[in-house]
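Q:
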Amino acid sequence: MRGEYHAAAVVQRHNSTIKLWTPDGRLVKTINDPKPGLSGIAFSPDSQIFVCVGQDNLLRFWQRDGQMLKTVLAPAKINQAVFSPNGQIIATSNEDNTVRLWNKDGVLST
1 MRGEYHAAAV
11 VQRHNSTIKL
21 WTPDGRLVKT
31 INDPKPGLSG
41 IAFSPDSQIF
51 VCVGQDNLLR
61 FWQRDGQMLK
71 TVLAPAKINQ
81 AVFSPNGQII
91 ATSNEDNTVR
101 LWNKDGVLST
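In terms of UniProt numbering, the sequence shown opens at residue 1 and continues consecutively.
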């Protein structure tokens with residue numbers, strides 16, 4: 001099923017809540033992430049995977065059903081992330097004034 005999703009994060013002192021909606025506003029999933037400090041959420045073009053980034057230097061890869069796939073440690077705090085149109089690359093903007101490119105498996109490009 002291809003369907004688009006939208007996401008929002010509610011960041012609290014001790015944790016973060018990620019909510020996923022369909023474009024027509026139907027809430028489909030609430031995910032409790034034990035880590036506070038999310039600063040960005042990006043969906044792959046097919047809406048099957050999303051990445052959460054934040055002040056803890058982690059990229060967290062999730063399936064849209066709420067299953068965490070992996071976490072990847074970045075060299076600096078991450079402000080935002082975006083997938084390339086083909087879904088193969090993730091670009092992150094970072095607190096150290098850099099942009100880093102990652103492949104869809106979370107490997108940093110050199």
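Idealized CB from N, CA, C, for every residue including glycine.
On a predicted model such as this, the values are computed, not experimentally measured, just so you know.
If distances are taken between C-alpha atoms only, which option among 68, 90 and 84 comes closest to residue 78?
A: Considering only alpha carbons, the answer is 90.
Q: Below 9 Å between beta carbons: does that hold for residue 41 and residue 64?
A: Contact flag unset, no.
Q: For the beta strand (DSSP E) containing residue 80, list its first residue and its last residue.
A: That run of the beta strand (DSSP E) goes 78-83.
Q: Relative to the alpha-carbon of residue 44, which residue among 80, 59, 61 and 87 has its alpha-carbon at the smallest distance?
A: It is 87 whose Cα lies nearest to the Cα of residue 44.
Q: Which residues in the same chain have their Cβ closer than 6 Å to the Cβ of residue 62, if we skip the five residues on either side of it in sequence?
A: Same-chain partners within the cutoff: 50 and 68.
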